[in-house]
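Protein chains in written order, with the working numbering: chain A, 1 to 550; chain B, 551 to 1100.
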């Protein structure tokens, strides 16, 4: 279904070393940005540096008997770096701050229990590792107050356990990667329909731990909604349940464990509710004259009784950038630039490009697109055709490679996302854009701030911001951090969530719990103390820390 | 939209004293059952007895200053009796075991906090009260280890707070009753679409506390899915949040509080995601030749990309009883009994009657029914027409009055429900029926066991069992309890949930937590100790007690 080996093979960049964003197009984007941000030609690819890695302090310890125990330096380095800009910049500069001391790869729940018991006895922090694609520092091997951190990879717990096609349910070990999961389900005519951008390199367990949402969630639902059973191995013991349909059986720990980001235990197995593989699909690009009418269009489309799987709209900035990055001569680009804008009053700098993808039985797919088309016309928008839609679909997992390209030329490349109601979407969008531009300006730099709306539901949607600016070669993360602070301010002031689908990890942690009352924080802390009394599970991630308290 | 004052005015029966199940039809059902169960004519209406109520031990306490404080005997009695068979039999026999010592009716969150603080100081248990319609002992005023129990009624916290039609969200105080909530929303063109059988007399807070599911949940979703914000006042303090769309912001307490049955705090406000009021609806009755093909039909229908709101099927026993209870001359009854059965080989004693209700825009409603009709034909089923469907819809909240009628004639009338996957549905249905009949037989009695399938989803459905048997006049609950034990055994052995939408309360509590691991039980206990350190919140409900531990 997709390419990729599933195993990232270079720790300082995305995915598969044999793939990339088409270089000619990446170069056009780079030139466009250099011009826009007036970086001149001073930016050049920095070398990937990595100094000698100190030998593991655990190399002679009793841990050697643990399953798949490794203190190999490259193994350790690979399992110390996630995929945030912070991680990748450090990896490229050879300044990875936190190194895991060992990697273990258990094969069974019992072996996971053994690892946790040993870690408790040996005063070690345990960092669960799925695909390692966290962009929020979720897999950073912080040791907390312990002697060292070890990384527990689910790589060898990735088997399909059963498929019950008669109930559209299936259970998997959680180390399974997206493509393997979908390939297995496709053999039964089923799909989970969960396609985060990291799909090829992230795991079921990581999706659950971070409460992930896929690009097709408007139809297939968010992952949390499709989790119908879990096994989580915690230091306190295993937790396990299944509920094929809703149950009225009192309080459950489900919302504590889905989204737990490894801080309570290791999510080892999950039962999922599934959909039939769609027999038909129609993906269309469309254009709207401005962001405001585009958002209204998408709100109406998200409320169709049979909604599209994919609902997206780029703002004028992102639209412009994405047209630069397209294949020339792009039919869409031609259409947009030459013919349509004049004809319809769609002006460059205001036009917004979007995509809708309907999936399912032929009559609903065709009927859905007809209904969406009628709404599009009522907003004086323009159908940009199936070619544009199919092109988006084909490249839906490709953008992280463009990020690598830009990073190599010295661009700071950060993304952040937030969820909000339709009512708050306009003010939040404006605040985000303004505050980020102002923050860049007070740093004495120019920044590209492009946004798209995605994951639309009848109640609201996700705003996804791409932030590009020159990375000062003599500085590390301070410039980005001050931009990020500006974004967090805009979000908290305008009722956005601090993350829609990336998670909290270490990077968002200081902000997240600000909204929670002391009663909520105390309860979360009590759960943490009970489930993980020695605090070995993924220290410093998502849960409130002393320094975060108000 | 519906009748009813919303306030039950007789504590020993359902709902509104001015309404009833049509007596001639109720009497036919009674005669049918008397014949089937060979009760002879010995059963006769018992008088409703209520001895003198001892004066409240709190009448002179410092509690008198609490908002809406009442020790009026009838007030106390009304707020001591839920709507389980256990409750109603005790109420009718004048042997209500647990009486609340006082009723308080706060108007604000601050007043709720005051009640909880006072209760802690005065060593009192607090029993939250919405509509008082729990059928599982959820509102029984158990005092636990405290001096006495007081009931906290949400009656004066029932206001709509805001409606954000642009985001299809609304917030209400949780004492609001179903009809008031829907009437308010209808003014904005919106609906929650949550129609439990108790709709007219139950509250939003009760629905959330018990993790309720409505008869139309196949389209509108279960309540838990539509809760997008909560305020819960706990002894530890208030917990409050809102998330219009999914968030990836770490663990939350949501699944602990939705379904908490009053054991952690008082659910005072909720934000709900809504749907548009449907412009069209089509309700049809249908007949299938047997239960097995009927279940397969409903599974296929539940998987239509645009599913019906209501999906139901009675087994042959319930079908027979429901036909007896229909208006004569019933078109449906005539059709079923005279014409169809011979024609199609649908035999009395095997035929199953069901209902589908499509709601939404005209094209999808019509297209949906066309698709369902084609599936129906493929199972050699028969469309019983819109008349039958509309009749079901009209009477959807009426059955509890029939229960009252039968109770008055000495019938034990219990219902129980369980959720399971499609795969387990057949074995679970057979085990339930067999074990209940065997248990009745070892009690030396005959029992009517009728079941319907409802709340169907692509993954599974709810089995809802009605149990009718002669209530031995000289015994109390022992006969029912041994029947219930048989049902619970069937459920636990066949992977059913211990409740699909009624909740746990006191009646299911001993069984529920048997499936939970020690780690889950310890975590729930830790949450309870943290949130409610003195254990004042609704003691003895849903949460594991010492005596339930394995």
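For every residue, glycine included, the Cβ atom is placed at its ideal position computed from N, Cα and C.
Here the structure is a predicted model, which means the values were calculated and not measured.
Within chain B, partners of residue i - CB distance below 9 Å
i              : result
residue 504(A) : 798, 799 and 800
residue 522(A) : 786, 787, 1080 and 1081
residue 442(A) : Residues of chain B passing the Cβ test: none, with the nearest at roughly 28 Å.
Strand pairing of residue i, partner residues [DSSP]
i               : result
residue 1020(B) : 961(B)
residue 417(A)  : 464(A)
residue 867(B)  : The partner list for residue 867(B) (beta bridge, DSSP) is empty, contrary to what the question assumes.
residue 741(B)  : 825(B)
residue 676(B)  : 700(B) and 1087(B)
residue 998(B)  : 1018(B)
residue 388(A)  : Paired residues: none, contrary to the question.
residue 860(B)  : 907(B)
residue 791(B)  : 780(B)
residue 267(A)  : 232(A)
residue 99(A)   : Answer is none; residue 99(A) lacks a bridge partner.
Extent of the continuous beta strand (DSSP E) run through residue i
i              : result
residue 227(A) : 227-234
residue 903(B) : 902-910
residue 282(A) : 280-288
residue 172(A) : 169-173
residue 248(A) : Unbroken run through residue 248(A): none, as it is neither H nor E.
Amino acids of chain A, ordered along the chain, whose beta-carbon sits closer than 7 Å to that of residue i
i               : result
residue 788(B)  : 517 and 519
residue 972(B)  : 166 and 167
residue 811(B)  : 250
residue 1009(B) : 167, 168, 169, 228, 244, 245 and 273
residue 1047(B) : 243, 247 and 249
Neighbour list for residue i in chain A, Cβ cutoff strictly below 8 Å
i              : result
residue 855(B) : 306, 360, 361 and 364
residue 658(B) : Going along chain A, no residue has its Cβ under 8 Å from residue 658(B), so there is no contact; the nearest lies around 17 Å.
CB contact below 8 Å: residue i versus chain C
i              : result
residue 211(A) : No chain C appears in the structure shown, which is made up of the protein chains A and B.
Under 7 Å from the C-beta of residue i: neighbouring residues of chain B
i              : result
residue 390(A) : Result: empty, since nearest Cβ-Cβ is about 22 Å, beyond 7 Å.
residue 526(A) : 1076, 1077 and 1080
residue 501(A) : 798
Beta-carbon neighbours of residue i, restricted to chain B and to distances below 8 Å
i              : result
residue 556(A) : This structure does not reach residue 556(A), given that chain A is present from 1 up to 550, and the question cannot be answered.
residue 419(A) : 793, 794, 795, 796 and 797
Of the listed residues the options, nearest to residue i (C-alpha basis)
i              : options                           : result
residue 463(A) : 485(A), 415(A), 448(A) and 474(A) : 415(A)
residue 706(B) : 694(B), 726(B) and 577(B)         : 726(B)
residue 29(A)  : 448(A), 481(A) and 493(A)         : 448(A)
residue 432(A) : 259(A), 483(A), 477(A) and 476(A) : 483(A)
residue 948(B) : 747(B), 1096(B) and 1011(B)       : 747(B)
residue 860(B) : 868(B), 572(B) and 851(B)         : 851(B)
residue 55(A)  : 102(A), 24(A) and 91(A)           : 102(A)
residue 387(A) : 418(A), 355(A), 53(A) and 187(A)  : 355(A)
residue 140(A) : 425(A), 51(A) and 100(A)          : 100(A)
residue 910(B) : 901(B), 708(B), 958(B) and 857(B) : 857(B)
residue 305(A) : 26(A), 457(A) and 35(A)           : 457(A)
residue 929(B) : 838(B), 908(B), 903(B) and 968(B) : 838(B)
residue 572(B) : 614(B), 1056(B) and 953(B)        : 953(B)
residue 544(A) : 489(A), 532(A), 129(A) and 520(A) : 520(A)
For residue i, the first and last residue of its enclosing alpha helix (DSSP H)
i              : result
residue 713(B) : Per DSSP, residue 713(B) belongs to no alpha helix (DSSP H); it is in the beta strand (DSSP E), 710-714.
residue 640(B) : 635-643
residue 653(B) : Residue 653(B) -> not in any alpha helix (DSSP H); beta strand (DSSP E) instead, spanning 652-654.
residue 434(A) : 422-442
9 Å Cβ cut-off: residues of chain A touching residue i
i              : result
residue 863(B) : In chain order: nothing, as chain A lies at least about 16 Å away.
Q) Quick check: the region 1057-1064 of chain B against the region 999-1016 of chain B, are there 3 or more CB pairs under 8 Å? A) no
Q) Does the pairing of the region 233-253 of chain A with the region 753-767 of chain B give three or more beta-carbon distances under 8 Å? A) yes
Q) Between the region 741-759 of chain B and the region 818-825 of chain B, do three or more beta carbon pairs fall short of 8 Å? A) yes
Q) Do three or more CB pairs link the region 956-974 of chain B to the region 826-837 of chain B at distances below 8 Å? A) no
Q) Can we say the region 669-681 of chain B touches the region 830-848 of chain B, given the rule of at least three CB pairs closer than 8 Å? A) no
Q.
Is it the case that the region 985-999 of chain B contacts the region 931-944 of chain B, given that we only count it when at least three CB pairs across the two stretches are under 8 Å?
A. no
Q.
With a threshold of 8 Å, are at least 3 pairs of Cβ atoms found where one atom belongs to the region 416-426 of chain A and the other to the region 708-720 of chain B?
A. yes
Q. Between the region 840-855 of chain B and the region 1074-1091 of chain B, do three or more beta carbon pairs fall short of 8 Å?
A. no
Q.
Using a Cβ distance threshold of 8 Å, determine whether the region 469-480 of chain A contacts the region 80-97 of chain A, with at least three qualifying pairs required.
A. yes
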